[in-house]
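S.K.: According to the working numbering, the residues represented by the sequence shown are 161 to 487, in order.
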Amino acid sequence: MLLDVRDLHVEFRTRDGVAHAVNGVNFAVDAGETLAVLGESGSGKSVTAQAVMGILDVPPGRITAGRILFRGQDLLKLREQERRRVRGAGIAMIFQDALSALNPVLSVGDQLGEMFVVHRGMSRKDARARAVDLMDRVRIPAAAQRVRDYPHQFSGGMRQRIMIAMALSLEPALIIADEPTTALDVTVQAQVMELLAELQREYRMGLILITHDLGVVADVADRIAVMYAGKIVESAPVRDLYKAPAHPYTRGLLDSVPRLDRKGQELYAIKGLPPNLMRVPPGCSFHPRCPMAQDVCRTDEPPLYPVSDGRGSACHFWRECLHGPDH
Ligand code: SF4
Ligand code: MG
């Protein structure tokens, strides 16, 4: 297993109390596999990614328990320097906002080249050539000329391709992409997502795709982990989940995505808002918003029930949901 995260807990200490942002999360990603982590904002999906990347080790965020095994090595047990080395060689991240992630006063060629100069000890000239190669790989037209341009001279979609090129530069085993296409318009979104999926297959990387948009991941993910209030509430192969969700929250998310086969039908919206992570409701944290909630849901927290091979649901009534009528 490439990445195996076990029982991860992350909390944030604020003046108003402790927010349990990630609360016992388990997931794994293999080489060549794409895992989508899906959830509304505040569900803990980005915090989970940041914990894996090691960019959370600053207050007020704190990993309070769990293991992050990368190629069998627990990153949380390594010394800081060693940890950075292991991650640096093996895990890369793509952020939503390329414009703020890229350096505005350096040409993209210099930024891409820098990776090879610093990490591979290449000469400037060789590094520049590699930068052009990479820009070609992510299909930036006229790469040999555009390598001298600055980030602001590219469109949003092209800038995101440059981010992907940066992430690929050191040939990581795992890429974590946090809402990589959210800032782009729909057609460009699809192109960038396709490119990412294609490169992932070609390089046989593991890919973790963090998104709030179920529509974006349908065609590219192998598995989906749905997060709610800091927990994974459903985890399933993507096809199974699309065919029939085993958790009412997943069902709500599915029904709120526009679908061609349901054209004209009104889109469903899950009522209410995700909970404040300092005051998560008792029992099932989704119960105030759940159309299927029963008394037991208000008192007993559902474990992740095994639904079938490789599939789990944290709903007491997963059977009813799986086979049940709409809402
Ligand atoms: Fe809804 Fe109850 Fe299932 Fe929670 S456990 S998702 S409240 S039916
Ligand atoms: Mg986020």
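Even for Gly, the Cβ is constructed at its ideal location relative to N, Cα and C.
If you're wondering where the values come from, they're calculated on a predicted model, not measured in any experiment.
According to DSSP, is glycine 375 part of a helix, a strand, or is it coil?
M.R.: Three-state DSSP puts glycine 375 in a helix.
S.K.: Could I get the ranges of all uninterrupted beta strand (DSSP E) runs contained in the segment 248-305, with 3 residues as the minimum, in chain order?
M.R.: With a minimum length of 3 residues, the continuous beta strand (DSSP E) runs that stay inside the segment 248-305 are 251-254.
S.K.: Under a Cβ-count criterion, where at least 16 other Cβ atoms within 10 Å of its own Cβ denotes burial, should serine 468 be classed as buried or exposed?
M.R.: It counts as exposed.
S.K.: Using a Cβ-Cβ cutoff of less than 8 Å, which residues in the same chain neighbour isoleucine 430 once the five nearest sequence positions on both sides are dropped?
M.R.: Hits under 8 Å: Tyr409, Gly412, Leu413, Ser416, Arg449.
S.K.: Grouping DSSP H, G and I as helix and E and B as strand, with all else coil, what is valine 386?
M.R.: Note: valine 386 maps to strand in three-state DSSP.
S.K.: DSSP three-state label for valine 380, please.
M.R.: Here valine 380 sits in coil by DSSP.
S.K.: For histidine 487, which residues of its own chain have a beta-carbon under 7 Å away from its beta-carbon, when the five flanking residues on both sides are left out?
M.R.: Because the pLDDT at histidine 487 is just 45, under 50, the model does not fix this residue reliably, and the value given afterwards should be weighed accordingly. Taken in chain order, the residues that qualify are Pro451.
S.K.: Compute the minimum distance between the beta carbon of proline 397 and the heavy atoms of the ligand SF4, and state whether it is under 6 Å.
M.R.: Because no heavy atom of the ligand SF4 lies under 6 Å away, the Cβ of proline 397 does not count as near it: no.
S.K.: Measure the C-alpha to C-alpha separation of alanine 181 and serine 206 and round it to an integer number of angstroms.
M.R.: Roughly 10 Å between the two C-alpha positions.
S.K.: Who are the near neighbours of tryptophan 478 in its chain, counting only those whose CB is closer than 7 Å to its CB and skipping five residues on each side?
M.R.: Only Ala406, His407, Tyr465, Val467 meet the Cβ criterion.
S.K.: Looking at leucine 235: is its Cβ nearer than 7 Å to the Cβ of arginine 243?
M.R.: Yes, the pair counts as a contact, with Cβ atoms nearer than the cut-off.
S.K.: Closest to valine 298 by CA distance: which of Glu358, Ala396, Val265 is it?
M.R.: Valine 298 has its Cα closest to that of Glu358, out of Glu358, Ala396, Val265.
S.K.: What do you get for leucine 482, buried or exposed, if any count of 16 or more other CB atoms within 10 angstroms of its CB means buried?
M.R.: Burial call: buried.
S.K.: Under three-state DSSP, which class holds aspartate 338?
M.R.: Here aspartate 338 sits in strand by DSSP.
S.K.: Is DSSP giving histidine 487 helix, strand or coil here?
M.R.: Low per-residue confidence applies at histidine 487: pLDDT is 45, beneath 50, and the placement is therefore not dependable, though the value from the model is reported in the following sentence. Coil, per DSSP.
S.K.: When you compare the segment 245-262 with the segment 319-332, are there three or more beta-carbon pairs, one atom per stretch, that lie closer than 8 Å?
M.R.: Enough Cβ pairs lie closer than 8 Å, so yes.
S.K.: As a quick exercise: from Arg247, Gly221, Tyr388, pick the residue whose alpha carbon is nearest that of isoleucine 228.
M.R.: For isoleucine 228, the nearest C-alpha among the options comes from Arg247.
S.K.: Going by DSSP in three states, isoleucine 430 sits in which element: helix, strand or coil?
M.R.: Reduced to three states, the DSSP call for isoleucine 430 is coil.
S.K.: With respect to 6 Å, is the separation between the Cβ of proline 408 and the closest non-hydrogen atom of the ligand SF4 below this value?
M.R.: Within the cutoff, so yes.
S.K.: I need the straight-line Cα distance from glycine 281 to leucine 195, nearest angstrom please.
M.R.: Taking the straight line joining both Cα atoms gives about 33 Å.
S.K.: I think valine 170 touches isoleucine 223, with their Cβ atoms under 8 Å apart; what is that distance to the nearest whole Å?
M.R.: Going by Cβ atoms, the distance from valine 170 to isoleucine 223 rounds to 5 Å, so yes, they are a contact pair.
S.K.: Between proline 462 and the ligand SF4, is there a pair consisting of the residue's CB and a ligand heavy atom that are separated by less than 6 Å?
M.R.: Yes.
S.K.: On the three-state DSSP scale, how would you describe isoleucine 228?
M.R.: Looking at isoleucine 228 - three-state DSSP - the assignment turns out to be strand.
S.K.: Mind reading off the beta-carbon distance from glutamate 193 to aspartate 345? Whole number of angstroms is fine, and I expect it under 8 Å.
M.R.: The pair is not a contact, with the Cβ atoms about 29 Å apart (cut-off 8 Å).
S.K.: Does the ligand SF4 have even one heavy atom less than 6 Å from the beta-carbon of methionine 452?
M.R.: Yes.
S.K.: Which residue's Cα is closest to the Cα of aspartate 379: Pro397, Gly226, Leu433, Pro301?
M.R.: Looking at the Cα atoms, Pro397 is the closest of the given residues.
S.K.: Can you tell me which residues form a DSSP beta bridge with glutamine 233?
M.R.: Answer is Phe230, bridged to glutamine 233.
S.K.: If we require 3 or more residues per run, which beta strand (DSSP E) segments fall completely within the segment 170-210?
M.R.: The qualifying runs are 177-189, 194-198.
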